[in-house]
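Beneath this line is the structure, given in structure tokens, with notes to follow.
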Ligand SMILES: NC(=O)c1ccc[n+]([C@@H]2O[C@H](COP(=O)([O-])OP(=O)(O)OC[C@H]3O[C@@H](n4cnc5c(N)ncnc54)[C@H](OP(=O)(O)O)[C@@H]3O)[C@@H](O)[C@H]2O)c1
């Protein structure tokens, strides 16, 4: 069975096209009770054994870097067949919004050193930089600090997350060697298709997408359901997106169509939703949140089938009947007072020190 699918994110640097997302492990993410850490650890081992060797976390996902660090220790101690050198760990550098004016090189290095310690690594494979407020100067300087840390051997590659196209272009024009951008991209949120994807394709920058399963809402278990209590912070976020795009009726129609396509290939509704996004030109990988070992077997089916042109056209035609989200990626989230912004935690790094 063809389970994983490698992707060359930068020359000589290979990842899997389905990345294991670890926001789900952070403190307070789960709203329906605590996770079972042993089951999550089991999921990690199963995932890497199936070739799903790439992980995504962040400096601000409280507890997630430490958890991955413990996983690295287990691999180092010889548990399983995969070497810690054969996994890739992507983290982020997300300076608090309240600190943006004061971020200097020493602070940046202290956060990178903390990630190295927590993750139990000598070098960070990919650091994805985020800047909460474009009106606060310093974004380019701080990105430059990451370049310096790369020269010091602490970082292998630099990416960004939640930038819009003009600000990504500023970084690129300033010579920051950005290899990837992490943005929300799903059947509901296609803001990245307008300018970001074409720009990235032209500049060899890969899209690493989150939200492709919309917190798990793109799954069979939601067929026929009309009201839900969010089980995670992720679902709180994507409920807003669904509400402002397909709405309840369109969402249910989409689920039915995805199930019908999945049935034809013997795969799940979720597999179809993820593959549709992975098949878009310029997309490097989809990040799929891991809370337990429940979905490992299903996600191992991701690369066992191909969507036909007719199936992709049917999905696209349905989506065209409904409004999309306006503006650039993350623009609504940056709009002061918007419902998308008020649910975010923008000052987590200091609490973590
Ligand atoms: N840069 C950013 O701002 C940002 C923002 C959000 C996320 N991310 C990254 O992206 C990752 C993904 O997060 P997300 O919020 O976008 O969530 P997501 O991946 O859209 O949804 C994850 C949820 O989907 C469900 N699921 C997974 N595989 C499934 C399958 N085969 N069938 C049915 N359900 C399945 C699981 O729910 P249950 O376990 O509850 O069933 C899981 O918790 C995060 O961990 C993080 O690394 C980054």
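In this note's numbering, the protein residues as written are 128 to 480. C-beta: ideal position from N, C-alpha, C; glycine also. The model shown is predicted, which means the values in this text are computed figures rather than measured ones.
Can you tell me whether residue i is helix, strand or coil according to DSSP?
| i | result |
| --- | --- |
| residue 411 | strand |
| residue 139 | coil |
| residue 317 | coil |
| residue 352 | coil |
| residue 268 | helix |
| residue 158 | coil |
| residue 406 | coil |
| residue 365 | helix |
| residue 425 | helix |
| residue 295 | helix |
| residue 182 | strand |
| residue 431 | coil |
| residue 359 | strand |
| residue 207 | coil |
| residue 389 | helix |
| residue 437 | helix |
Buried or exposed for residue i, going by 16 or more other Cβ atoms inside 10 Å?
| i | result |
| --- | --- |
| residue 323 | buried |
| residue 344 | buried |
| residue 217 | buried |
| residue 363 | exposed |
| residue 348 | exposed |
| residue 547 | With the chain covering only 128 through 480, there is no way to say anything about residue 547. |
| residue 250 | exposed |
From the DSSP output, read off the bridge partner residues of residue i.
| i | result |
| --- | --- |
| residue 220 | 256 |
| residue 133 | 143 |
| residue 286 | 255 and 307 |
| residue 171 | Paired residue(s): none; residue 171 is not in a bridge. |
| residue 337 | 311 |
| residue 375 | BP columns for residue 375 are empty, so no partner. |
| residue 416 | 148 |
| residue 215 | 181 |
Excluding the five sequence neighbours on either side, which residues of its own chain have a C-beta within less than 8 Å of the C-beta of residue i, listed in chain order?
| i | result |
| --- | --- |
| residue 441 | 384 and 388 |
| residue 395 | 346, 347, 389, 425 and 428 |
In its own chain, which residues sit with a C-beta less than 7 Å from the C-beta of residue i, not counting the 5 before and 5 after it?
| i | result |
| --- | --- |
| residue 299 | 305 and 330 |
| residue 261 | 294 |
For ligand 3, I want to know if residue i counts as a neighbour, meaning its beta carbon is within less than 7 Å of at least one of the ligand's heavy atoms.
| i | result |
| --- | --- |
| residue 358 | With respect to ligand 3, the structure shown offers nothing to examine, as its ligands consist of ligand 1. |
Once the 5 residues before and after residue i are set aside, which same chain residues still bring their CB inside 6 Å of it?
| i | result |
| --- | --- |
| residue 191 | 149, 152, 153 and 184 |
| residue 463 | none |
| residue 360 | 156 |
Examine chain B for any beta-carbon lying closer than 8 Å to the beta-carbon of residue i, and answer yes or no.
| i | result |
| --- | --- |
| residue 452 | The structure shown contains no chain B; it is built from a single protein chain. |
Taking 8 Å as the cut-off, does the region 257-271 touch the region 288-297 (at least 3 CB pairs, one atom from each stretch)?
yes
Under 8 Å, with one C-beta from each stretch per pair, do the region 199-215 and the region 264-280 reach the 3-pair mark?
no
With a cut-off of 8 Å, do at least 3 Cβ pairs link the region 300-319 to the region 439-454?
yes
Kindly confirm or deny that the region 361-379 and the region 333-341 touch, where touching means at least three C-beta pairs closer than 8 Å.
yes
Quick test of the definition: if touching needs 3 or more C-beta pairs under 8 Å, does the region 397-405 touch the region 425-433?
yes
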